[in-house]
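Numbering (our numbering), first residue to last: 11 to 136.
To start, the structure itself, in structure tokens.
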Amino acid sequence: MRNVNDLVKLIKKAAVEAVNASDPTAIRYGEVINENPLQIRIDQKLILGEAQLKLTRNVTDFEVDMTMNHETESASGGSGYSEFAPHKHEYKGRKKFLVHNSLKNGEKVLLIRMQGGQQYIVVDRV
Numbered sequence: 011m012r013n014v015n016d017l018v019k020l021i022k023k024a025a026v027e028a029v030n031a032s033d034p035t036a037i038r039y040g041e042v043i044n045e046n047p048l049q050i051r052i053d054q055k056l057i058l059g060e061a062q063l064k065l066t067r068n069v070t071d072f073e074v075d076m077t078m079n080h081e082t083e084s085a086s087g088g089s090g091y092s093e094f095a096p097h098k099h100e101y102k103g104r105k106k107f108l109v110h111n112s113l114k115n116g117e118k119v120l121l122i123r124m125q126g127g128q129q130y131i132v133v134d135r136v
């Protein structure tokens with residue numbers, strides 16, 4: 011080595027190579043090719059299965075609690091009898107609803123490859 015600058019350059023190069031060798035986090039795009047079991051294709055050669063995927067709430071079915079204060083539309087039973095007169099029903103209180111948000115075949119997704127490259131977080135649809 012000729013001087014300190016060469017030493018600094020050598021250390022910087024070694025540091026960059028060490029980071030690249032650790033397979034750092036990266037953003038990738040993929041396409042859902044199967045829903046159950048879930049499979050996502052990153053490129054022609056790389057297909058990820060359920061064991062490699064960590065799903066966020068943005069791409070899964072989930073339940074949500076909601077407070078309702080609603081009346082149904084007026085409906086009549088017909089036939090003219092008083093027991094079948096037009097009526098409404100109240101729909102009030104705290105209720106659980108299932109949000110159907112799971113991934114479907116053909117959807118494009120945004121993924122984050124975790125350090126090491128073995129696991130991917132499926133962030134959202136794109």
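C-beta atoms are modelled at their ideal positions from N, C-alpha and C, and glycine is treated no differently.
Note that the coordinates shown come from a computational prediction; the quantities given were computed from them, not determined experimentally.
- Residue nearest to R135 within the set G126, G116 and Q125 is G116 (criterion: CA-CA distance).
- Counting along the chain, no beta strand (DSSP E) covers R67, and no H or E run does either.
- The count of Cβ pairs closer than 8 Å, one atom from the segment 46 to 54 and one from the segment 17 to 35, stays below three, leaving the stretches out of contact.
- In the DSSP secondary-structure assignment, L58 is bridged to I50.
- With fewer than three CB-CB distances shorter than 8 Å, the segment 14 to 25 does not count as touching the segment 103 to 110.
- The C-alpha of V29 is placed about 25 Å away from the C-alpha of N13.
- Taking C-beta atoms under 8 Å as the contact rule, L63 and Y130 qualify, at a distance of about 6 Å.
- Ranked by Cα distance from M76, the options Y39, V133, K118 and R104 are led by R104.
- Pairing E73 with K106 gives a Cβ-Cβ distance under 7 Å.
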